[in-house]
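Colleague:
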Amino acid sequence: MPFNQKPQKFNAKINPVTIGSGDKTVTIGGDSTFPFYTFDAPSENCAKIGVEISDMGLEGMSEGIKAYYDGATTMGEIAKKAAAMEGADFVALNLEGGDPNGENRSIDELIAVVKEVAEAVDCPLVVEGCKNVEKDAELLPKVAEALEGRNALILSEKEENYKAIGAAAGLAYNQIVGAESAVDINLAKQLNVVTTQLGVDAKKIVMNIGSAAAGYGYEYVVSTMDRIKGAALGQNDNMLQMPIITPVSAETWGVKEATASEADMPEWGPQDERGIDMEVMTAAADLAAGSDAVILRHPESVKAISKMIKALA
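The working numbering numbers the first residue of the sequence shown as 57 and each following residue consecutively.
What follows is the structure in structure tokens.
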């Protein structure tokens, strides 16, 4: 008896959100199926890949990443190499140096870096804050102002600072708002609700629902993404139809598999390869679970995930 494939049709779709301006834009979201379910319906926009760079330059990066950026000494030069990386769709600037518990770089210093990067590249930009709620509430509105006209994605507003960041990025300077929650469908939906209540267009919001490195409580990430996509498509929940972006590199390059030296753990093999493996495995799982875009660091990771997306699109 022949098998007859019965496509699963949804009357809803994920909002398409375009990042960037002019001729250099990327659109994430827009599909009316689960990830890579092209047997149910064609994909409107395949998943996208961003390359993460840091205001701290190459400090703390793996040897393989440093080798790729060899010869780049300024943030502008680093940004140009990131934008030119094979498989890259956009550049993601992480302003981690602003963390008051770390380098505590001033807002003026960080905005100078943002402007340098913006002047160096014409590709779509994503800018991540320093993860400190109070500092980001001051910093990210200034970032939105500095990038006015670039239609950049500002990551991330949280429940504690959504009024300051959402109003500046989504209303005053017409940027894309990144809404960050902690791996919970209800928290993700609530943040989208209050952000739209500020007046931000739902189709100018991208969710960062949180992540983890594969093997580190990752089942919570999968189940949350799956529930969000299920509610967005199956229940036509318009407060969960925002596309999802996942900063993978920040999670994967900080775990012991990526940080332990080969001298300390010779049985684990080369350190750089382990970091790549963690990054690729986590990014692949994120995309299969429901993420519409991932942010990576290593050129080999970007190349591998780009190849996977093209093969499954």
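Beta carbons are placed, not taken as given, at the ideal position from N, Cα and C, and that holds for glycine. None of the values given here were measured: they were computed from a predicted structure.
Give every residue of the same chain whose Cβ lies closer than 6 Å to the Cβ of residue 245, excluding the five residues on either side of it in the sequence, and list them in chain order.
Modeller: Within the same chain, residue 245 has close Cβ partners 295 and 296.
Colleague: Which residues in the same chain have their Cβ closer than 8 Å to the Cβ of residue 373, if we skip the five residues on either side of it in sequence?
Modeller: Residue 373 is absent from the structure shown; the chain starts at 57 and stops at 369.
Colleague: Start and end of the alpha helix (DSSP H) containing residue 235?
Modeller: Taken as a continuous stretch (DSSP letters only), residue 235 belongs to no alpha helix (DSSP H), being part of the beta strand (DSSP E) at 232 to 236.
Colleague: What's the C-alpha gap between residue 190 and residue 65?
Modeller: C-alpha separation (whole angstroms): 44 Å.
Colleague: What are the boundary residues of the beta strand (DSSP E) that residue 148 is part of?
Modeller: Taken as a continuous stretch (DSSP letters only), the beta strand (DSSP E) holding residue 148 covers 146 to 150.
Colleague: If you draw a straight line from the alpha carbon of residue 161 to that of residue 155, how long is it in whole angstroms?
Modeller: Computed Cα separation, rounded: 7 Å.
Colleague: What whole-angstrom Cβ distance do residue 199 and residue 177 have, given they're in contact under 8 Å?
Modeller: With 8 Å as the limit, residue 199 and residue 177 do not qualify as a contact, their Cβ atoms being about 15 Å apart.
Colleague: Less than 8 Å separating the beta-carbons of residue 300 and residue 265?
Modeller: Closer than 8 Å, so yes.
Colleague: What does the Cβ neighbour count give for residue 197, buried or exposed, with the cut at 16 atoms within 10 Å?
Modeller: When all chains shown are included, residue 197 counts as buried.
Colleague: Can you list the beta strand (DSSP E) stretches of 3 or more residues lying completely in the region 72 to 138, in chain order?
Modeller: Correct list: 73 to 77, 80 to 84 and 104 to 110.
Colleague: For residue 248, which residues of its own chain have a beta-carbon under 8 Å away from its beta-carbon, when the five flanking residues on both sides are left out?
Modeller: Excluding residues within five positions, the ones whose Cβ falls inside 8 Å are 235, 258, 261, 263, 295, 296 and 298.
Colleague: Inspect the beta-carbon positions of residue 348 and residue 109 and report whether they are closer than 8 Å.
Modeller: Contact flag unset, no.
Colleague: Would you say residue 12 and residue 292 are within 8 Å of each other, going by their C-beta atoms?
Modeller: Only positions 57 to 369 of the chain appear in the structure, and residue 12 is not among them; the question remains open.
Colleague: Can we say the region 313 to 325 touches the region 351 to 369, given the rule of at least three CB pairs closer than 8 Å?
Modeller: The answer is no - the region 351 to 369 does not touch the region 313 to 325, with fewer than three Cβ pairs under 8 Å.
Colleague: Keeping to the same chain, check which residues put their C-beta closer than 6 Å to that of residue 225; ignore five residues upstream and five downstream.
Modeller: Closer than 6 Å at Cβ, skipping near neighbours: 200, 210, 231 and 233.
Colleague: Less than 8 Å between the beta carbons of residue 208 and residue 121, yes or no?
Modeller: No, the Cβ-Cβ distance between residue 208 and residue 121 is not below 8 Å.
Colleague: Hey, residue 170 and residue 202 are a contact pair by Cβ (cut 8 Å); roughly how many whole angstroms apart?
Modeller: Confirmed, Cβ separation roughly 5 Å.
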